[in-house]
Structure formats: structure tokens, C-alpha cells
Amino acid sequence: MEANSLGIGRLPAAFLTPGSASFMDFLSDHQPDLLPGNRQLPPMQGVVEAPHGTTIVAVTFPGGVVLAGDRRATMGNVIAQRDIEKVFPADEYSAVGIAGTAGLAVEMVKLFQLELEHFEKVEGAQLSLEGKANRLSTMIRSNLGMAMQGLAVVPLFAGFDVDRDRGRIFSYDVTGGRSEEHNFAATGSGSVFARGAMKKLYRRDLSEEEATTLVVQALYDAADDDSATGGPDVARRIYPIVTVITDDGFRRLTDDESSEIARSVLARRLEQPDGPRAALL
Numbered sequence: 001m002e003a004n005s006l007g008i009g010r011l012p013a014a015f016l017t018p019g020s021a022s023f024m025d026f027l028s029d030h031q032p033d034l035l036p037g038n039r040q041l042p043p044m045q046g047v048v049e050a051p052h053g054t055t056i057v058a059v060t061f062p063g064g065v066v067l068a069g070d071r072r073a074t075m076g077n078v079i080a081q082r083d084i085e086k087v088f089p090a091d092e093y094s095a096v097g098i099a100g101t102a103g104l105a106v107e108m109v110k111l112f113q114l115e116l117e118h119f120e121k122v123e124g125a126q127l128s129l130e131g132k133a134n135r136l137s138t139m140i141r142s143n144l145g146m147a148m149q150g151l152a153v154v155p156l157f158a159g160f161d162v163d164r165d166r167g168r169i170f171s172y173d174v175t176g177g178r179s180e181e182h183n184f185a186a187t188g189s190g191s192v193f194a195r196g197a198m199k200k201l202y203r204r205d206l207s208e209e210e211a212t213t214l215v216v217q218a219l220y221d222a223a224d225d226d227s228a229t230g231g232p233d234v235a236r237r238i239y240p241i242v243t244v245i246t247d248d249g250f251r252r253l254t255d256d257e258s259s260e261i262a263r264s265v266l267a268r269r270l271e272q273p274d275g276p277r278a279a280l281l
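Just so we're aligned: 265 in my numbering is position 265 of the sequence shown, and the numbers increase by one with no gaps anywhere.
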């Protein structure tokens with residue numbers, strides 16, 4: 001009884017007071033220093049060396065969308081990590097692929113996951129896919145101060161829109177500007193090469209299996225020309241992370257499934273090192 005009278009063990013009043021469905025708004029009101037964008041940064045001295053992750057690709061198919069990423073993180077001209085994970089589920093029907101400063105990007109994804117979960121618990125319903133994309137845009141904009149110091153985060157967001165019954169892709173710039181991409185998209189240092197591969201090989205009637213093969217082909221082409229992008233590493237059994245989002249929800253391909261796709265791509269490359277050729281007409 002004495003403990004209860006002193007309030008020991010009770011939640012603070014802030015947790016019991018009805019408010020916004022946004023977890024970021026909650027933090028902003030009660031613990032603003034925990035938000036990445038509110039941190040006081042010292043003046044930058046020289047170049048900040050931090051692991052950066054690239055490349056992320058996404059492609060739609062009639063039943064949903066595929067989001068995939070390579071596994072390499074670089075720090076300058078050094079490979080900082082060979083098996084980094086860059087694709088994460090945001091919730092049941094969406095996912096985020098990260099490019100840019102790896103540490104800040106992973107932190108942003110965790111906050112985004114919590115933001116969506118908090119909204120669903122408070123409102124009793126999920127945000128629309130477009131609403132989720134807008135929330136992520138706001139979070140990227142809050143990181144602008146860090147981006148101005150060379151620590152940018154530029155993710156790719158993809159999900160299945162249950163209202164429109166199709167997969168959708170959203171890309172961003174460092175200011176939080178949001179654009180919906182149609183058919184396919186890529187971000188990161190190898191995005192130019194990955195986009196070129198997808199541009200030549202994409203078809204609107206791709207099956208799920210063909211879509212997963214296409215993203216691995218695109219990542220292979222990116223790794224072929226961009227040193228910051230890692231291709232399939234058979235010796236270490238490190239393969240791209242490939243995820244599929246349909247009306248059944250988010251699913252990450254198992255290591256065996258990713259390995260099978262990567263090995264089939266590598267086998268074909270022995271005959272055609274530059275990859276499959278698109279028809280001229």
C-alpha cells in the first residue's frame with residue numbers, strides 16, 4: 001500500500017494521457033532529446049568515416065512487390081562488413097531497404113517500425129500504405145542536419161496496398177522528398193547500374209519467381225560496376241536479401257531460396273558475363 005501511495009512502480013502520467021497516434025509526436029512532447037533530429041552535433045572536423053550501405057532495388061509484379069538488397073557496407077575504400085542486412089519489414093504489409101549511413105539508417109528503421117506499431121495500437125487500424133510512406137518522409141526530413149554533415153539516409157520503401165490490391169514503391173531524397181516509382185526502382189551507389197538492368201529486363205507480367213530473379217540480376221550488374229556493392233559470395237555463403245510482399249503479407253526468402261536464385265544467375269553468367277540480353281524490338 002505504501003508503495004502505491006508513493007507512486008512507485010506506476011507508469012508516468014504521460015503514458016496514461018490520451019494524445020497523438022504518432023510515437024514521434026509523443027517523444028517530441030515528453031523526451032525530445034531521444035529523437036535523432038534533435039541531437040546537438042558538434043562542428044564537423046574533417047570527414048566522418050562511417051559504414052555506408054548500398055544497393056537497394058525493388059520491382060513490382062501482378063501479385064505484389066519484391067524488395068532486395070546486397071550485403072556489403074563500405075567505409076571509404078574499405079569493406080566494413082560483408083553480411084550487413086539492409087532490408088527490414090516495416091509492418092505486416094511493407095518493408096524498408098536502407099542506403100546511406102548504416103548506423104543512422106538502422107536506427108531510423110527501428111523508430112519507423114515503432115511508429116507504425118504505436119499508431120495501430122492507438123487507432124486500432126493500420127495506416128494506409130501512402131500514410132506510411134508519408135511518415136517515413138517526415139523522419140528522413142528530421143535527419144537533414146546529419147545529412148548536411150555527410151551522414152545521409154536514403155531508403156526505399158515498398159509494400160502491398162490492400163486498398164488498391166497491388167504492390168507500390170516509394171523513393172526519397174535526403175530532404176525527405178517522396179516520389180512514387182512505377183514498375184521498379186533502385187537507390188544507393190550502384191543504383192544507376194541496377195536500374196539499367198531492370199529497365200531492359202522488366203515486364204509487366206512478371207511472375208513472383210521471375211521478379212526475384214530480376215532483382216538478383218540487377219544487384220549482380222550493380223556489383224559488377226560499383227565497388228561499394230557486393231555480389232553473391234558463394235565462398236562465404238553470403239547472398240542478397242530478397243523479400244516478397246503480397247496480400248499474404250511480408251516474406252523474406254530463406255537462405256536456401258536466395259542461394260538457389262543466386263547460383264542460377266551465376267551459372268548463366270558463365271555463358272553470358274554481361275547478363276541476359278533484352279530483345280532489340
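For glycine and all other residues, C-beta sits at the position ideal for the given N, C-alpha and C.
Bear in mind that the values here come from a model prediction, so they are computed numbers and not experimental data.
Candidates the options: closest to residue i by CA position
i: R82; options: D256, D274, D233; result: D233
i: A147; options: S171, A99, T175, D221; result: T175
i: F250; options: N77, T60, V59, S94; result: S94
i: L144; options: G231, G64, A105; result: A105
i: A222; options: L206, S258, G196, E208; result: G196
i: G177; options: G275, F157, Q113, R166; result: F157
i: T101; options: A125, A73, T243; result: A73
i: Q126; options: L67, A211, S171, V162; result: V162
i: D91; options: I98, E85, K110, R166; result: K110
i: L67; options: D256, T246, L270, D205; result: T246
i: P276; options: Y202, V65, A133; result: Y202
i: G103; options: E120, H118, I84, E117; result: I84
DSSP three-state assignment for residue i, whether helix, strand or coil
i: A53; result: It should be noted that the sequence gives Gly, not Ala, for residue 53. Strand.
i: R82; result: coil
i: L266; result: helix
i: I98; result: coil
i: A73; result: strand
i: L281; result: coil
i: T60; result: strand
i: Y202; result: coil
i: T213; result: helix
i: E271; result: helix
i: A218; result: helix
i: A105; result: helix
i: A147; result: helix
Beta-ladder partner(s) of residue i, from DSSP
i: E181; result: I169
i: I245; result: V65, F250
i: F160; result: G167
i: A228; result: According to DSSP, A228 bridges with nothing at all.
Rounded distance between the beta-carbons of residue j and residue i, thought under 8 Å
i: G63; j: E208; result: 6 Å
i: D173; j: V192; result: Rounded, the Cβ-Cβ distance is 15 Å, inconsistent with contact.
i: I238; j: G69; result: Going by Cβ atoms, the distance from I238 to G69 rounds to 12 Å, so no, they are not a contact pair.
i: V65; j: G167; result: 3 Å
### Task
State whether the stretch 48-57 contacts the stretch 179-194, with contact taken as three or more CB pairs (one from each stretch) at a distance under 8 Å.
yes
### Task
Check whether the stretch 203-221 touches the stretch 246-265, taking contact to mean three or more Cβ pairs, one atom from each stretch, closer than 8 Å.
Taking 8 Å as the limit for Cβ pairs, the verdict is that the stretch 246-265 does touch the stretch 203-221.
### Task
Inspect the CB distances between the stretch 69-77 and the stretch 135-142 and report whether three or more fall short of 8 Å.
no
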